[in-house]
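A quick write-up on the structure given underneath.
2 protein chains.
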Amino acid sequence: MRAVSVKKNAQSRAFLWTFLSGSIIWFLPTPSGIEEQAWHLLAIFIATIVGFITKPIPMGAVALIALVTLVMTKTLTLAQGLSGFSHPTSWLTFSSFLIARGFIKTGLASRLAYLFIRILGQNTLLLSYGLLATDLVLAPGMPSGNARAGGVIFPLVKSLAQIYQSEPHDGSARRIGSFLMLTSFQGTQITTALFFTAMVANPLMAGLAGTIAGVEITWFSWALAALVPGVISLLIMPLIIYYLYPPRIKRTPKAKKLAQNKLAQMGKISNPEWCMALTFFLLLLLWIFGDSLGGIKSATTALLGVALLVVTQVLSWEEITAEKKAWNILLWFSILLMMASFLNEFGLVNFVSEQIQGFIDSFSWQLAFSVLSIVYFYNGYFFASKAARASAMYAPFLSVALAVGTPPVYAALVLAFLLNLSGCLTHYGTAVAPIYFGSGYVDIRVWWKIGFILSVVYLPIWLGIGGVWWRILGLI
Amino acid sequence: MRAVSVKKNAQSRAFLWTFLSGSIIWFLPTPSGIEEQAWHLLAIFIATIVGFITKPIPMGAVALIALVTLVMTKTLTLAQGLSGFSHPTSWLTFSSFLIARGFIKTGLASRLAYLFIRILGQNTLLLSYGLLATDLVLAPGMPSGNARAGGVIFPLVKSLAQIYQSEPHDGSARRIGSFLMLTSFQGTQITTALFFTAMVANPLMAGLAGTIAGVEITWFSWALAALVPGVISLLIMPLIIYYLYPPRIKRTPKAKKLAQNKLAQMGKISNPEWCMALTFFLLLLLWIFGDSLGGIKSATTALLGVALLVVTQVLSWEEITAEKKAWNILLWFSILLMMASFLNEFGLVNFVSEQIQGFIDSFSWQLAFSVLSIVYFYNGYFFASKAARASAMYAPFLSVALAVGTPPVYAALVLAFLLNLSGCLTHYGTAVAPIYFGSGYVDIRVWWKIGFILSVVYLPIWLGIGGVWWRILGLI
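Written as structure tokens, this is what we have:
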């Protein structure tokens, strides 16, 4: 009873915050230079973001109410309000969730994990790279760190810890469990940064960058830009944790054995697994080369992937219509992108930029953007969801970055990368964190300390080495 | 085993037909006066319709594959291909399914049925009107004859028959069961014609009318046009069946008693039922007056309805994302509308109209449209789904009607009404038919005979009396 009423209270408060934030802005005097309609849009947009963060009801429901409010108040026409549902990025995201379902359903994801462990499982450090490699290979096709970690890697880490009698609360956590939990968690924060389709917030940010900065970020340009700093981060992260927080067990023949047994159990690759693997391979090819060869957009590729999985019967149509997460995301994602696009069209983004430009005209953009990036990175301490944070923070920071003169594609990509990487900081900043942290293998102080140390390593890698790489690519 | 392989064979054949129909048209020489791109669009469109009718895979999957094919073959751009998802009618249809869910979930639908039976249940004829009245009241908010009949009315008819010991196969069917089954089934064929939101094919046809004939059919204009012939049909149909196929039991005090008991069991109207009822009442008001008063479109109203059901917790967000039928329809509906709209934009509709115009220039449109209507009505014998039939037949017949000079709004409405009414003909023409027919109370010869007799009654009511009514309304 008590728990329910506490929850009810929190929910009412969240409702109140959402409603108040919107109403206050709505009734504030409209600044000169802005249409009243644009100001109302801003009010509803901000209420939506507050709703996304405080979550009185699920994000999809918040977005639906926002849409109805926009149209009923005549802030937007119905056609404008529905325009987000035709946005290619919405359907890319939607499709990615179905492709992820195929990986889990066919068992291909688990098979890949065991294959990497069979190859790399001889010692603890290499084992952690094996888990990272699994995450990395799955990342382009599973647009949710949650799905990769929760569905594939976390259960595996758990059983690896158990075969070495490493349990959370009896002093044996440090034998091997703590190390693997931490490296796997941190690995996902990097892999999500590497691919357009590795995380639902990524297409969202790319879509926002398109509507706000007018830059088109393709699947290939994203992966190419992330390549050098990404590989360095992936290689260096386990070493740092190994040094700072070493496991007691260093050799792991049992892990290799486990993988061998599991693979023997699984037997030969089944037909659906083949179909899934070939589809995924084709998708990768098209994501990488499609745009430059035949003008095939990444969303087209993703939709093709779903169609192929339906035709090859990897997924039934029943399973597709039952994939609630995909539909939920389609709703809030489309509505959010639509609002951002009209904020821009109604001149609000420009207005904010102009205000800031007057302010910091005297700095060089390099200095201004560096400061901006660092502030942006560490505001990761204040958010409990990357998607909510991307909705709330990406557009304003990008606008400011553009206002100080940062090259658009460069700013758009760096802010997208940093959002993902800053998942390293806390045990609540992303949906994956509570899974690993909740397992109890890692103490909260260690979690935060290592998170902070990694952040200090990542920033120079991404802003420094990355900067050189992006200069070579011609982005700066 | 055998059943499975028969099913597999039928599926392969359906696939083959779908694929062949598209390929043959694709590779035929393009008629002069038509762009190649338009011809390819037509090929894919026709394959989609064949897929909708033969159903090798569910309609949503067929539509998805069509979308991918259109974009991959560069027949349409990705943006064009996705444009249907922003169509207001798609979201109206989607929302209606969720509103229907609210009726069933809260129990409001059953309560209404028992209320009508308590009032009208004293004799068999009035009882049948009570069931019709339930269907009629629910129709605007439940966009599927299937949901009304399968979820509310059929189970009720079944239990009414049983309390009078009227069973299908022991000679007691004619006591009361046969009569109620037949009138309820035929009632749904009329109620689906009465409201924009009474049947999924209706918004589809209205959408097609918008893209092809450029006429906007509002919720109100639909209901107003259907009012006079609809009420006459509803009043006359049970009388005809009562005369041709009378029940042996004429007085039904037990039905009244049953309704009283059930209502006593249900107790007072619950909070969710109140919320549902008030929401529905508001929706009706807005559907009727919204457009003329505040320019509130029917899709906005429907989305508002869903938002209200979420806010009042009649429906959880979980239930909304789990409403597979709604998502399935959103997909195929949007893709079909999009294709129809580009068929028109690419000049194909015009092209066909011009060919026909040259042909039948010598007839008056009144004569030509009457012949057309009758052909259109009786092609109901050849289809097993109203939605598939609307997809395949509505657009071509409307184009021809326009080509011979029929006033657009009039043509659009009449063809929409007739599609629904012609569900009276067979025991397979609409999803509701197999439910009632399958109960075994009515012999196939009786079913078809009464269906045909009713069709002969309906055509003069709708084309004749309706014609006078529409002339008064200024549609002709």
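Chains as they are written, first to last, in the working numbering: chain S, 32 to 507; chain Z, 32 to 507.
Cβ coordinates follow ideal geometry from the N, Cα and C atoms, glycine included.
Computed from a prediction, not measured in an experiment: that's the story for all the values here.
Nonlocal neighbours in the same chain, by C-beta distance under 6 angstroms from residue i, ignoring five residues either side
| i | result |
| --- | --- |
| S/W396 | V435, G436, T437 |
| S/V102 | L109, G112 |
| Z/G115 | S365, I366, L368, M369 |
| S/I475 | none |
| S/F147 | G161, A164, T165 |
Buried versus exposed call for residue i [16 or more other C-beta atoms within 10 Å across all chains shown]
| i | result |
| --- | --- |
| Z/P174 | buried |
| S/K328 | buried |
| S/L51 | exposed |
| S/E354 | buried |
| S/I481 | buried |
| Z/N40 | exposed |
| Z/F160 | According to the sequence as given, residue 160 of chain Z is Tyr; it is not Phe. Its Cβ being crowded by 16 or more others within 10 Å, Z/Y160 is buried. |
| Z/G152 | buried |
| S/D322 | buried |
| Z/Q220 | buried |
| S/H200 | exposed |
| Z/S127 | buried |
| S/I9 | Residue 9 of chain S cannot be examined here, being either before or after the span of chain S that is shown, 32 to 507. |
| S/F58 | exposed |
| S/Y386 | Inspection of the sequence shows that residue 386 of chain S is occupied by Gln rather than by Tyr. So S/Q386 counts as exposed. |
| S/I280 | buried |
| Z/I207 | buried |
| Z/N302 | exposed |
Residues near residue i in its chain [Cβ-Cβ closer than 7 angstroms; skip 5 each side]
| i | result |
| --- | --- |
| Z/A69 | F377, G378, L379 |
| S/Q111 | F373 |
| S/Y407 | M424, F428, L446, L449 |
| S/L494 | S401, S404 |
| S/I75 | G53, A97, T100, L101, T106 |
| S/V473 | S209, M212, L213 |
| S/L139 | E304, M307, A308 |
| Z/E247 | G241 |
Contact with chain S by residue i, beta-carbon distance below 7 angstroms
| i | result |
| --- | --- |
| Z/V99 | yes |
| Z/I96 | yes |
| Z/N359 | yes |
| Z/P234 | no |
| Z/V477 | no |
| Z/T331 | yes |
| Z/K281 | no |
| Z/T104 | no |
| Z/L113 | yes |
| Z/T352 | yes |
| Z/A338 | yes |
| Z/G245 | no |
8 angstroms CB neighbourhood of residue i in its chain, flanking five on each side removed
| i | result |
| --- | --- |
| S/M32 | Note that S/M32 scores a pLDDT of 44, beneath 50, so its modelled location is shaky; the value from the coordinates is reported in the next line. Excluding residues within five positions, none has a Cβ falling inside 8 angstroms. |
| Z/R142 | L294, M297, I300, E304 |
| S/R282 | Q153, N154, T155 |
Cβ distance (whole Å) where residue i is taken to contact residue j below 8 angstroms
| i | j | result |
| --- | --- | --- |
| S/I492 | S/G498 | About 10 angstroms separates the two Cβ atoms, so there is no contact after all. |
| S/F400 | S/A421 | Actually they are not in contact, since the Cβ atoms of S/F400 and S/A421 sit about 18 angstroms apart, beyond 8 angstroms. |
| S/V463 | S/A180 | 4 angstroms |
| S/S264 | S/Y489 | 6 angstroms |
| S/V345 | S/G133 | 5 angstroms |
Residue-chain proximity (residue i, chain Z), Cβ-Cβ < 7 angstroms
| i | result |
| --- | --- |
| S/F116 | yes |
| S/W348 | yes |
| S/K328 | yes |
| S/G172 | no |
| S/A237 | no |
| S/L109 | yes |
| S/K355 | yes |
| S/A371 | no |
| S/V341 | yes |
| S/P119 | yes |
| S/I248 | no |
Which runs of the beta strand (DSSP E), 3 residues or longer, sit entirely within the region 387-411 of chain S?
-> none
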